[in-house]
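> Residue numbers (my numbering): 126 to 436.
All C-beta atoms, glycine included, are put in the ideal place defined by N, C-alpha and C.
Please read all numbers here as calculations on a predicted model, not as lab measurements.
Below is the structure I would like to discuss, written out as structure tokens.
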Amino acid sequence: MIGTDVSKAAELLRHGELVAIPTETVYGLAANGLNPEAVAKIFKAKDRPSFNPLILHCRNMDQVKSLVEEVPNELLQFLHNQWPGPITVILSRKHIVPDLVTAGLDTVAVRIPRHPLTQKLLHQLDFPLAAPSANPFGYVSPTAAQHVEDSLGDKVSYILDGGPCEVGIESTIIRFADEVIVHRLGGYDPDELKNHFNRVSFKLIKNTKPLSPGQLDKHYSPNKRLVALEDFPASGETESCALLSFSKLRDPRFHKIIPLSESGNLMEASTNLFRLLRETETWEENIVYVEFVPEIGLGRAINDRLKRAMK
Ligand code: TXA
Ligand code: MG
Numbered sequence: 126m127i128g129t130d131v132s133k134a135a136e137l138l139r140h141g142e143l144v145a146i147p148t149e150t151v152y153g154l155a156a157n158g159l160n161p162e163a164v165a166k167i168f169k170a171k172d173r174p175s176f177n178p179l180i181l182h183c184r185n186m187d188q189v190k191s192l193v194e195e196v197p198n199e200l201l202q203f204l205h206n207q208w209p210g211p212i213t214v215i216l217s218r219k220h221i222v223p224d225l226v227t228a229g230l231d232t233v234a235v236r237i238p239r240h241p242l243t244q245k246l247l248h249q250l251d252f253p254l255a256a257p258s259a260n261p262f263g264y265v266s267p268t269a270a271q272h273v274e275d276s277l278g279d280k281v282s283y284i285l286d287g288g289p290c291e292v293g294i295e296s297t298i299i300r301f302a303d304e305v306i307v308h309r310l311g312g313y314d315p316d317e318l319k320n321h322f323n324r325v326s327f328k329l330i331k332n333t334k335p336l337s338p339g340q341l342d343k344h345y346s347p348n349k350r351l352v353a354l355e356d357f358p359a360s361g362e363t364e365s366c367a368l369l370s371f372s373k374l375r376d377p378r379f380h381k382i383i384p385l386s387e388s389g390n391l392m393e394a395s396t397n398l399f400r401l402l403r404e405t406e407t408w409e410e411n412i413v414y415v416e417f418v419p420e421i422g423l424g425r426a427i428n429d430r431l432k433r434a435m436k
């Protein structure tokens with residue numbers, strides 16, 4: 126059921142139920158993050174392998190501190206300005222965090238999400254919310270309540286409707302040691318990190334361990350044949366095909382062209398990305414060619430998701 130009743134969502138979560146929640150990035154499939162039985166329901170509903178750890182969503186820094194050993198000062202100052210927002214940090218965990226949340230790692234991923242409804246919800250609860258994106262494992266992340274209803278509607282007790290997600294792609298995941306390490310590209314532009322920290326490096330992690338060969342990077346994939354525009358056959362395509370373009374509106378090779386952002390704006394492209402990837406499934410064309418966006422700022426995260434959607 127979809128609605129905007131925060132108290133109802135809180136009550137269900139207190140009883141160990143699953144509730145989909147809006148965040149500024151994507152919708153999350155939430156459960157009481159300190160209750161292993163409730164967390165286990167997330168893995169079951171998503172069909173997600175349990176070696177893939179979850180993010181704990183917190184209401185404020187005090188709650189974060191109750192879950193982790195230490196937040197280094199430099200990082201604390203940075204987060205003070207960025208949270209609530211689309212950044213997740215990986216920190217050493219306290220024992221209070223269940224093994225199922227961290228997949229047995231001695232670290233835990235935490236963030237403070239920005240969406241007002243979810244902020245309100247978190248303030249009604251005395252526990253953090255474990256929440257992966259609210260999509261079946263491997264499928265496109267949801268950026269609207271209806272997306273959750275479409276693919277997980279029968280598996281969640283309630284979907285808290287906060288409208289379309291502002292950012293549209295998942296949070297940027299970082300770790301702080303002697304330097305800042307970016308583990309996942311996302312809704313926070315990693316170039317901005319260079320304004321705050323002396324050293325920033327990238328160690329992008331694969332989202333999943335392979336369950337079987339070939340499955341390694343598959344993620345965010347709609348049920349549609351997506352092909353990179355650069356692989357358009359030189360002799361011309363014989364089937365009717367569409368183009369998911371960054372901003373281009375005309376090209377005679379395509380039956381239909383849908384722009385990620387008509388004004389060529391990367392923020393707008395990121396907001397629209399997952400909705401349009403889902404919509405390709407309803408297009409009549411058998412093949413959808415995909416144009417990459419400029420590899421700058423948020424563009425890197427968008428291209429990362431586009432590449433994974435094509436696998
Ligand atoms: O924007 C987001 O981050 C959304 C919203 C709902 O908050 N959540 C999200 O969760 O994208 P999920 O589960 O789809 O992705 C979480 C990622 C996974 O790739 C997981 O491997 C990584 O975070 N992760 C979680 N805990 C970790 C840890 N302790 N060490 C390394 N990676 C971790
Ligand atoms: Mg996900």
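1) Rounded to the nearest angstrom, how far is the Cβ of HIS182 from that of ARG236, given a contact under 8 Å?
2) Since LYS440 and THR405 should fall inside the 8 Å C-beta cutoff, what is the C-beta to C-beta distance between them, to a whole number of angstroms?
3) Could you give the distance in angstroms between the alpha-carbon of PRO178 and the alpha-carbon of ALA234?
4) Assign PRO178 to one of three DSSP states: helix, strand, or coil.
5) Just the Cα atoms here: how many angstroms apart are GLY389 and LEU159?
6) Specify, as a first and last residue, the run of the beta strand (DSSP E) that ILE412 falls within.
7) By Cβ distance, which residues of its chain are closer than 6 Å to LEU318, with the 5 residues on each side in sequence left out?
8) In three-state DSSP terms, what is ARG324?
9) Could you tell me which of VAL189, SER217, HIS220 sits nearest to HIS205, measuring between CA atoms?
10) Where does ASN157 fall in DSSP's three states?
11) Which residue comes first and which comes last in the alpha helix (DSSP H) that contains LEU201?
12) For the beta strand (DSSP E) holding PHE262, just list the boundary residues, first then last.
13) Is PRO178 near the ligand TXA, with its Cβ less than 7 Å from a heavy atom?
14) What would DSSP say about THR232, mapped onto helix, strand or coil?
15) Would you list the one or two residues that DSSP bridges to SER258?
16) Using only the heavy atoms of the ligand MG, determine whether one of them is closer than 7 Å to the beta carbon of PRO384.
17) Let me check understanding here. Comparing Cα to Cα, which of PHE262, ILE382, MET435, ARG173 lies closest to PHE371?
So, from the data block:
1) 6 Å
2) Nothing in the structure corresponds to residue 440, since the chain is present only between 126 and 436.
3) 8 Å
4) coil
5) 43 Å
6) 412 to 415
7) VAL305, VAL325
8) coil
9) VAL189
10) strand
11) 198 to 207
12) No beta strand (DSSP E) contains PHE262, which DSSP labels as neither H nor E.
13) yes
14) strand
15) GLY153
16) no
17) ILE382
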